[in-house]
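Colleague:
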Amino acid sequence: MSLRMNRVATAAPTALIVLVLTLFVSLPLYSMVVTAIKTDREIYDDFTYLPKRPTLVQFERVIVGERFMINLRNSLIVATTSTVVAVLMSVLAAFAVVRLRFTGRIWIARIILFKYLLPTSLIYIPLFLVVNSLGLTNTLQSLIFTYLSFSIPFATWLMMGYFRGIPPELEEQAMIDGCSRLGAMVRVLLPVAAPGLVAASIFTFTGAWNEFLLALVFINRPDLQTVPVKLAGMIVGDQYVWGMIMAGAIVASIPVIALYFLAQRFVVAGLAAGAVKG
Amino acid sequence: MATGPSQVTVPAGSRPLPAAPRGTLHQREVGLGWLLLAPVLIVMLVLVVWPFMTAVWIAFTNKSIGREAEWIGLANFAQVVSSPRFGRALTNSLIFTVVAIALKFVLGMAMAMALNQAFFGRNFLRAYLLIPWVLPGFVAYMIWRWFLDPLQGVANYALTDLGLISFPLEFLSSPATALPSVIAAHVWRSFPFFGVAFLAGLQNIPSEQYEAAAVDGANGWQKFLYITLPGLRHVILVVLMLSTIWTFNAFEPIYLLTGGGPADATMVYTVLAYEMGIVNMRLGEASAVPVLILPVLGMFIVAVSGLMSRDD
Numbered sequence: 614m615s616l617r618m619n620r621v622a623t624a625a626p627t628a629l630i631v632l633v634l635t636l637f638v639s640l641p642l643y644s645m646v647v648t649a650i651k652t653d654r655e656i657y658d659d660f661t662y663l664p665k666r667p668t669l670v671q672f673e674r675v676i677v678g679e680r681f682m683i684n685l686r687n688s689l690i691v692a693t694t695s696t697v698v699a700v701l702m703s704v705l706a707a708f709a710v711v712r713l714r715f716t717g718r719i720w721i722a723r724i725i726l727f728k729y730l731l732p733t734s735l736i737y738i739p740l741f742l743v744v745n746s747l748g749l750t751n752t753l754q755s756l757i758f759t760y761l762s763f764s765i766p767f768a769t770w771l772m773m774g775y776f777r778g779i780p781p782e783l784e785e786q787a788m789i790d791g792c793s794r795l796g797a798m799v800r801v802l803l804p805v806a807a808p809g810l811v812a813a814s815i816f817t818f819t820g821a822w823n824e825f826l827l828a829l830v831f832i833n834r835p836d837l838q839t840v841p842v843k844l845a846g847m848i849v850g851d852q853y854v855w856g857m858i859m860a861g862a863i864v865a866s867i868p869v870i871a872l873y874f875l876a877q878r879f880v881v882a883g884l885a886a887g888a889v890k891g
Numbered sequence: 284m285a286t287g288p289s290q291v292t293v294p295a296g297s298r299p300l301p302a303a304p305r306g307t308l309h310q311r312e313v314g315l316g317w318l319l320l321a322p323v324l325i326v327m328l329v330l331v332v333w334p335f336m337t338a339v340w341i342a343f344t345n346k347s348i349g350r351e352a353e354w355i356g357l358a359n360f361a362q363v364v365s366s367p368r369f370g371r372a373l374t375n376s377l378i379f380t381v382v383a384i385a386l387k388f389v390l391g392m393a394m395a396m397a398l399n400q401a402f403f404g405r406n407f408l409r410a411y412l413l414i415p416w417v418l419p420g421f422v423a424y425m426i427w428r429w430f431l432d433p434l435q436g437v438a439n440y441a442l443t444d445l446g447l448i449s450f451p452l453e454f455l456s457s458p459a460t461a462l463p464s465v466i467a468a469h470v471w472r473s474f475p476f477f478g479v480a481f482l483a484g485l486q487n488i489p490s491e492q493y494e495a496a497a498v499d500g501a502n503g504w505q506k507f508l509y510i511t512l513p514g515l516r517h518v519i520l521v522v523l524m525l526s527t528i529w530t531f532n533a534f535e536p537i538y539l540l541t542g543g544g545p546a547d548a549t550m551v552y553t554v555l556a557y558e559m560g561i562v563n564m565r566l567g568e569a570s571a572v573p574v575l576i577l578p579v580l581g582m583f584i585v586a587v588s589g590l591m592s593r594d595d
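Chains Y and H, in that order, give the protein sequences. First residue of the first sequence? That's 614 in our numbering, and the numbers climb one at a time after it. First residue of the second sequence? That's 284 in our numbering, and the numbers climb one at a time after it.
1. Note down the Cα distance separating H/I528 from H/V522, rounded to an integer number of angstroms.
2. Give me the Cβ distance between Y/P667 and Y/I683, rounded to the nearest whole Å; I'm assuming they're in contact under 8 Å.
3. For Y/K843, decide whether its Cβ has a neighbour in chain H, counting only Cβ atoms nearer than 7 Å.
4. Grouping DSSP H, G and I as helix and E and B as strand, with all else coil, what is H/S347?
5. Quick check on Y/M773 - is its C-beta less than 7 Å from some C-beta in chain H?
6. How about Y/F741 and Y/V830: do their beta carbons lie closer than 7 Å?
7. Kindly confirm or deny that the region 529–543 of chain H and the region 459–477 of chain H touch, where touching means at least three C-beta pairs closer than 8 Å.
8. Which residues in chain Y sit within 9 Å of H/W354, going by Cβ to Cβ distance?
9. Quick one: what's H/W354 bridged to in DSSP?
10. Give the DSSP-derived three-state secondary structure of Y/R777 in the structure shown.
11. How many angstroms separate the CA atom of H/D499 from the CA atom of H/F507?
12. Step through the CB atoms of chain Y and report whether any lies within less than 7 Å of the CB of H/V323.
13. For the region 742–761 of chain Y against the region 707–718 of chain Y, do three or more pairs of beta-carbon atoms, one drawn from each stretch, fall closer than 8 Å, so that the two count as touching?
14. On the DSSP bridge list, what partners appear for H/R565?
15. If we count Cβ pairs, one from each stretch, closer than 8 Å, do we get three or more for the region 717–725 of chain Y versus the region 869–878 of chain Y?
16. Taking buried to mean at least 16 other C-beta atoms within 10 Å of its own C-beta, is H/N563 buried or exposed?
17. Under 7 Å, do H/P573 and Y/L735 count as touching if we go by C-beta distance?
18. Are the region 853–864 of chain Y and the region 803–811 of chain Y in contact at 8 Å, needing three or more beta carbon pairs?
19. For a cutoff of 7 Å on Cβ pairs, would you count Y/V830 as touching chain H?
20. At 4 residues or longer, and completely inside the region 672–731 of chain Y: list those alpha helix (DSSP H) runs for me, N to C.
21. Buried or exposed for H/N439, going by 16 or more other Cβ atoms inside 10 Å?
22. Would you call the CB atoms of H/S464 and H/L452 closer than 7 Å?
23. Determine, using beta carbons only, whether Y/P808 comes closer than 7 Å to chain H.
24. Quick check: what's the CA-CA separation for Y/I789 versus Y/L783?
25. Just verifying my parser: in three-state terms, what is the DSSP assignment at H/A546?
26. From what residue to what residue does the alpha helix (DSSP H) around Y/I867 run?
27. What residues in its chain sit with their C-beta under 8 Å from that of Y/F825, if we drop five residues either side in the sequence?
28. Can you tell me where the alpha helix (DSSP H) with Y/V811 in it begins and where it stops?
29. Closer than 8 Å by C-beta to H/T370: which residues in its own chain qualify, once you throw out the five before and the five after it? Chain order, please.
30. By DSSP, does Y/Y662 sit in helix, in strand, or in coil?
31. Output the distance between the C-alpha atoms of H/E494 and H/S588, rounded to the nearest integer angstrom.
32. At a CB distance below 8 Å, what residues from the region 560–578 of chain H approach chain Y? Give them in sequence order.
33. Please name the residue, chosen from H/L319, H/W317, H/V364 and H/I325, that lies closest to H/E568 on a Cα-to-Cα basis.
34. Quick one: using the 10 Å Cβ neighbour count with 16 as the cut-off for buried, is Y/L669 buried or exposed?
35. What residues from chain Y crowd round H/T553, counting only those whose CB sits closer than 9 Å?
36. With 9 Å as the limit, tell me which residues of the region 622–644 of chain Y have their beta carbon closer than that to any beta carbon of chain H; keep them in chain order.
Okay, structure coming up:
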């Protein structure tokens, strides 16, 4: 068998697939970037594929003119707070389910996975009823609180996968040496599971940063809107808004993309422990 | 503590908190276990169980914002089920789900097979092709809304300049193209997830199998059919089922691209419930929708979670 012929036989389809997928992925991205660095005149009157004079004026319009910093701050508060709370609670719960033996833990694990898979779009109306009856509409607390409904199951499930992969002997040794159960968790298990903690935090933060539906339903005051709802609200009729919307979209994406690529190895490990296990 | 506690399997269906068979150490572990679980359990009760009980109750009333609820029996369910809009929305949800998943599968598989080959720039492409999936969903759909803009969108300029169309297409506002356009945007956003999942699965298939098949004279298609697909069986099943849940319940692509229009051409059940409950403030009717969907979806989720927690 000639290896060479084999190479040629796979190289051609591979090249074709790579070309088609790259083009498919690139065109909309190109449209976003190029629009964000054009003037309105070049966007609306005088179309060219590449801007004649690249400009940051759209970023200035959205950040200064639309007071985007307020929305970025709202998103940051909501995402950070709910991430910290969710990860703390999830670590304790995952530890209990994986390391302690008590009846019912398997059912708890099942229920957590069930809730992780239950989509927010199925529970937002019930959640709205509760947020409404608690008088929490139009508060950032409503988002911090309700985001736990998806971040806790996800983070718990992810941490359960991590803890399972770490042999319990390390902690047992620490307990023989005089550590308590929780002491062994904090001093031995958590340092080993640090990549899992990073992955869980990144996913949880990203999920909260990107969340659209609950933020749309619970908040209608512009100064309390998070980034996604603010940007979506800027799509109004035939106004000349797309330059600054695309600039805002880039600003909104930077933290998420940076986090993802900075911590890619943790995230990939997290994925391996999570969605594609098997 | 000779054996690790995680090795102990508990028979399903036994009563919670039984009398401690192994003395005080075990008892302490039971107590600690429930103590550590308590915060999560309380939050889940408040954020899942209570809302759903409220929703079930509201679904039997004529509750709207600022008005007290009055019991009206099954009227909301009858109203929703017999409404042609709800039928249309469910049909669209199904079409959206089936077509989008089929396309995601094909593109994701192609991406995984291509990136599993060695070539210059592969590592860069692995990261680059993931960008649509790493981007926030709302950003992806806003990009597409502008990309498909009938007047200034790049799609129309490019198609015109290539001579493929002679006048701009109203992708999102003509009934014939609206649903396909929304599907295209959603596929763009989520096929990379299929790609990375399949790629991870491919890397677990031992290369000896391919070498043995090559010795036996199998061609590329046969290798794909008899080695790759069976080797990926579990990953494919989990990814397809996960994606079915997420796609069927998608809200952002439709809300942000078309809002369900034109004339309900892209209306799906999640956006319809939003319109009924949040825009028109008919909370009773809107609550009937998740109450109707949950039993079916719930059974599906139980099946998926069985697959995913196989290693318990």
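Backbone N, C-alpha and C define an ideal beta-carbon position, used for all residues, glycine too. Note that this is a predicted model, so its numbers are computed, not measured.
Modeller: Taking the structure as given:
1. 10 Å
2. About 27 Å; that fails the 8 Å criterion.
3. no
4. strand
5. no
6. yes
7. yes
8. The contacting residues do not exist; H/W354 stays about 16 Å from chain Y at best.
9. H/T344
10. helix
11. 14 Å
12. yes
13. no
14. H/S347
15. no
16. exposed
17. yes
18. no
19. yes
20. 681–712 and 718–730
21. buried
22. no
23. no
24. 10 Å
25. coil
26. W855 to L875
27. P841, V842 and A845
28. A807 to N823
29. For the sequence presented, residue 370 of chain H should be read as Gly rather than Thr. So the list is empty, once near-sequence residues are dropped.
30. coil
31. 35 Å
32. G560, I561, L566, A569, S570, V572, P573, I576 and L577
33. H/V364
34. exposed
35. P732, S734, L735, Y737 and L826
36. A622, T623, A624, P626, T627, A628, L629, I630, V631, V633, L634, T635, F637, V638, S639, L640, P641, L642, Y643 and S644
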